[in-house]
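Reading through the structure tokens given below for one structure.
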């Protein structure tokens, strides 16, 4: 300990201030073996820091000491953490502007520092979510009032517009901050993660503005569309920017939930990440229904109807209102599906255009495949419904030779085609046959009305030892149709087999994928064989 003191006795020190007089520094012992090489000033600051940590102190001097430690080492996680804890204890709003300025300065020194981005995100989220505290801490301004039902329509519009404007300014400020780091490194992980966190926070804060949910939802949709455009700009600059592709996928998944009418789906706006918007709409519709019912009852009383006549009329009106409500929901659901289909088609064309620029770029291929995990394109065998996939992959393979990603997507397409046709035949048999008798070599009988369960339970090694008979007789036309579909299924499976053989030849590293697909083909081929026997022996 004395050796450390001797090193710094001639140096001016902030710790000579009387406010540090009660602190007994805990110096780091001088290890003879391996130890971190601190400067004398850093060692002294660390000794005081250790003492305050031991006391779990959160004070103004702890805040100053944390900033001193960060200046010595920007990666000091503990210093950043206790800086935030001290600010929280003392009141974040008092130091907010000062700390924002500090993060601006640190960004130029080390933009790759995780602790910096984590701290900046905390400051930004505080600004987004704790509006009341920030305004009340501003001299000359009163605390903001919460929007309530007693506000008139004009006030609601003004309040909502002001809140959305405030959130928009915060979003712009954080994006501008992040873009400074993005200029030097367009794949900067922390930048893209920061943009995601801020977007989500602003979106949720806007959704909480429930006085005018339609205005709020339209604004939220606009910020996600702007981010979609931004990812397009970054991808145009570098089509291999996987971070930008990942951001585009992130945006797409949230954007489809904000399309007009999406709140009518199961779970409402709250399930879509929209907070109270859907609940507000539902309460409005419920209130209108009650008012309409009261009006109808009043009209019937004025017409002098008897109690029985009123009851009968109310039942008819109720049925009609229910039918109209169901029709309205169906129309809205169809509108949502149409809007999503349109958005996905545009993204499909966009990803195809980017693949053409760099056919061996995996990012654009992964994004293209990801489109088929987004509703309504996430249905079973969805790829089989899109012949453009086949045309596009064939185009790439014809113009650029063997592209592994094109082969894989084409293989998925053929597997979807094969599986969809085999499933169509299975479902047709299930709907037609009352029972299926399977005579095995040991003379046991299995009765089932579900060919699929038969296929699942039958061992692939015993198929040649079975005699399959059906208790129904399909028409000649139906039988021919089923056999044609099964032949098409087998042909599609053969196409997958050939494609993946080529894939292993041009890219041996992906041989594990070939093994996985081969197992899928074997299961599918067996399923097709069983179904063919069922049809042929019917």
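Residue numbers (this note's numbering): 3 to 540.
Glycine is no exception: its CB is placed at the ideal position from the N, C-alpha and C atoms.
Tell me whether residue 23 is buried or exposed, calling it buried when 16 or more other Cβ atoms sit within 10 Å of its Cβ.
Numbered from its first residue, the chain shown carries residue 23 at position 21. Around the beta carbon of residue 23, a 10 Å sphere encloses fewer than 16 other beta carbons of the protein chains shown; the residue is thus reported as exposed.
Can we say the segment 411 to 418 touches the segment 371 to 387, given the rule of at least three CB pairs closer than 8 Å?
When C-beta atoms of the segment 411 to 418 are compared with those of the segment 371 to 387, three or more pairs fall below 8 Å, so the two segments count as touching.
So residue 159 packs on residue 118, CB below 8 Å; how close in whole Å?
Along the chain shown, read from residue 1 onward, the residue named residue 159 stands at position 157. Along the chain shown, read from residue 1 onward, the residue named residue 118 stands at position 116. For a cut-off of 8 Å, the C-beta gap from residue 159 to residue 118 is around 39 Å, too long to register as a contact.
Three or more C-beta pairs below 8 Å linking the segment 105 to 116 and the segment 72 to 92:
Between the segment 105 to 116 and the segment 72 to 92, the count of Cβ pairs shorter than 8 Å is three or higher; the stretches touch.
Going by DSSP in three states, residue 51 sits in which element: helix, strand or coil?
Translated into the one-based positions of the chain shown, residue 51 becomes position 49. Helix, per DSSP.
Report all residues from its chain with a CB closer than 6 Å to the CB of residue 534; omit the five preceding and five following residues, and keep chain order.
Within the chain shown, numbered from 1, the residue matching residue 534 stands at position 532. Excluding the 5 residues flanking it on each side, residue 534 has same chain C-beta neighbours closer than 6 Å at 488, in chain order.
Please classify residue 205 as buried or exposed, where buried requires at least 16 other C-beta atoms within 10 Å of its C-beta.
Along the chain shown, one-based indexing puts residue 205 at 203. Residue 205 is buried by the Cβ-count criterion.
Express the C-alpha separation of residue 379 and residue 99 in angstroms, rounding to a whole number.
In the chain shown, counting from the first residue as 1, residue 99 sits at position 97. In the chain shown, counting from the first residue as 1, residue 379 sits at position 377. Rounded to the nearest angstrom, the two C-alpha atoms are 46 Å apart.
Taking all protein chains shown into account, decide if residue 45 is buried (16 or more other Cβ within 10 angstroms of its Cβ) or exposed.
In the chain shown, the residue the question calls residue 45 occupies position 43. With a threshold of 16 other beta carbon atoms within 10 Å, residue 45 meets it and is buried.
Report buried or exposed for residue 365, applying the criterion of at least 16 other Cβ atoms within 10 angstroms of its Cβ.
Reading the chain shown from its first residue, position 363 is the one you call residue 365. Burial call: buried.
Express the C-alpha separation of residue 538 and residue 479 in angstroms, rounding to a whole number.
For the purposes of this step, residue 479 is identified with residue 477 of the chain shown, where counting begins at 1. For the purposes of this step, residue 538 is identified with residue 536 of the chain shown, where counting begins at 1. A straight-line Cα-Cα distance of about 13 Å links residue 479 and residue 538.
Quick check on DSSP: helix, strand or coil for residue 485?
In the chain shown, counting from the first residue as 1, residue 485 sits at position 483. Per DSSP, reduced to three states, the secondary structure at residue 485 is helical.
For residue 169, which residues of its own chain have a beta-carbon under 8 Å away from its beta-carbon, when the five flanking residues on both sides are left out?
Here residue 169 is taken as the residue at index 167 of the chain shown, counted from 1. Here the set comprises 130, 204, 207, 208.
How big is the Cα-Cα spacing for residue 234 and residue 254?
Reading the chain shown from its first residue, position 232 is the one you call residue 234. Reading the chain shown from its first residue, position 252 is the one you call residue 254. The alpha-carbon separation between residue 234 and residue 254 amounts to approximately 12 Å.
Give the DSSP-derived three-state secondary structure of residue 416 in the structure shown.
Sequence index remark: in the chain shown, residue 416 carries index 414 (1-based). In this structure, residue 416 counts as helix in the three-state DSSP scheme.
Compute the Euclidean distance between the alpha carbons of residue 40 and residue 106, then round it to the nearest angstrom.
Translated into positions along the chain shown, residue 40 becomes position 38. Translated into positions along the chain shown, residue 106 becomes position 104. So the two alpha carbons sit approximately 26 Å from each other.
Between which two residues does the alpha helix (DSSP H) holding residue 111 run?
The count along the chain shown starts at 1 and reaches residue 111 at position 109. From DSSP, the alpha helix (DSSP H) with residue 111 extends over 94 to 111.
CA-CA distance, residue 31 and residue 65?
Residue 31 sits at position 29 when you count from the first residue of the chain shown. Residue 65 sits at position 63 when you count from the first residue of the chain shown. Spanning the alpha carbons of residue 31 and residue 65 requires a straight line of approximately 25 Å.
Mind checking residue 395: buried by the 16 CB within 10 Å criterion, or exposed?
The residue you call residue 395 lines up with position 393 of the chain shown. Around the beta-carbon of residue 395, 16 or more other beta-carbon atoms lie within 10 Å, marking it buried.
By the DSSP assignment, the alpha helix (DSSP H) with residue 128 in it spans what residues?
Stepping through the chain shown from its first residue, residue 128 is reached at position 126. First-last of the alpha helix (DSSP H) with residue 128: 116 to 131.
What are the boundary residues of the alpha helix (DSSP H) that includes residue 372?
On the chain shown, position 370 is the one that residue 372 refers to. Its alpha helix (DSSP H) spans residues 364 to 372.
Look at residue 415 and residue 398 and say whether their C-beta atoms are less than 7 Å apart.
Translated into positions along the chain shown, residue 415 becomes position 413. Translated into positions along the chain shown, residue 398 becomes position 396. No, the Cβ-Cβ distance between residue 415 and residue 398 is not below 7 Å.
Just the C-alpha distance for residue 430 and residue 528, rounded to the nearest angstrom, thanks.
Taking the chain shown and counting its residues from 1, the one referred to as residue 430 is at position 428. Taking the chain shown and counting its residues from 1, the one referred to as residue 528 is at position 526. About 18 Å.
Are the segment 222 to 229 and the segment 185 to 193 touching by the rule of at least three beta carbon pairs closer than 8 Å?
With the cut-off at 8 Å, the segment 222 to 229 and the segment 185 to 193 do not touch.
Reference residue 425, options 358, 86, 531, closest by Cα:
Residue numbering aside, residue 425 sits at position 423 when the chain shown is read from its first letter. Of the candidates 358, 86, 531, the one whose C-alpha sits nearest the C-alpha of residue 425 is 531.
By DSSP, does residue 377 sit in helix, in strand, or in coil?
Here the question's residue 377 lines up with position 375 in the chain shown. Shown here, residue 377 sits in coil according to DSSP, grouped into three states, outside any helix or strand.
Under the three-state DSSP convention, the category residue 406 falls into
Here the question's residue 406 lines up with position 404 in the chain shown. Three-state result, residue 406: helix.
Does the Cβ of residue 236 have 16 or more other Cβ atoms within 10 Å, making it buried, or fewer, making it exposed?
Position 234 of the chain shown, counted from the first residue, corresponds to residue 236. Under a 10 Å Cβ-count criterion, residue 236 is classified as buried, with 16 or more other Cβ atoms of the shown protein chains found around its own Cβ.
Taking just the CA atoms, how far does residue 54 sit from residue 26?
Numbered from 1 along the chain shown, position 24 holds the residue referred to as residue 26. Numbered from 1 along the chain shown, position 52 holds the residue referred to as residue 54. Each residue's alpha carbon lies about 9 Å from the other.
For residue 405, tell me which candidate among 179, 165, 259, 361 has the shortest Cα-Cα distance.
Taking the first residue of the chain shown as 1, we reach residue 405 at position 403. Closest option to residue 405, Cα to Cα, is 361.
Can you check whether the CB of residue 417 is closer than 7 Å to the CB of residue 498?
Your numbering for residue 498 matches position 496 in the chain shown. Your numbering for residue 417 matches position 415 in the chain shown. Their beta carbons are under 7 Å apart, which means residue 498 touches residue 417 by this criterion.
What's the gap between the Cα of residue 161 and the Cα of residue 175?
Counted from its first residue, the chain shown places residue 161 at position 159. Counted from its first residue, the chain shown places residue 175 at position 173. Straight-line measurement puts the Cα of residue 175 at about 21 Å from the Cα of residue 161.
From 104, 62, 74, residue whose alpha carbon lies closest to that of residue 92:
Start at 1 with the first residue of the chain shown, and residue 92 comes out as number 90. Of the listed residues, the one whose Cα sits closest to residue 92 is 62.
Would DSSP call residue 41 helix, strand or coil?
The residue labelled residue 41 in the question sits at position 39 within the chain shown. Under the three-state reduction of DSSP output, residue 41 falls in the coil class, being neither helix nor strand.
So residue 367 and residue 357 are in contact, right, with Cβ under 8 Å, and what is the actual spacing, rounded?
Numbered from its first residue, the chain shown carries residue 367 at position 365. Numbered from its first residue, the chain shown carries residue 357 at position 355. Sure, about 6 Å apart at Cβ, within 8 Å.
Could you give the first and the last residue of the continuous alpha helix (DSSP H) run that contains residue 253?
Position 251 of the chain shown, counting from 1, holds the residue named residue 253. 244 to 257 is the extent of the alpha helix (DSSP H) around residue 253.
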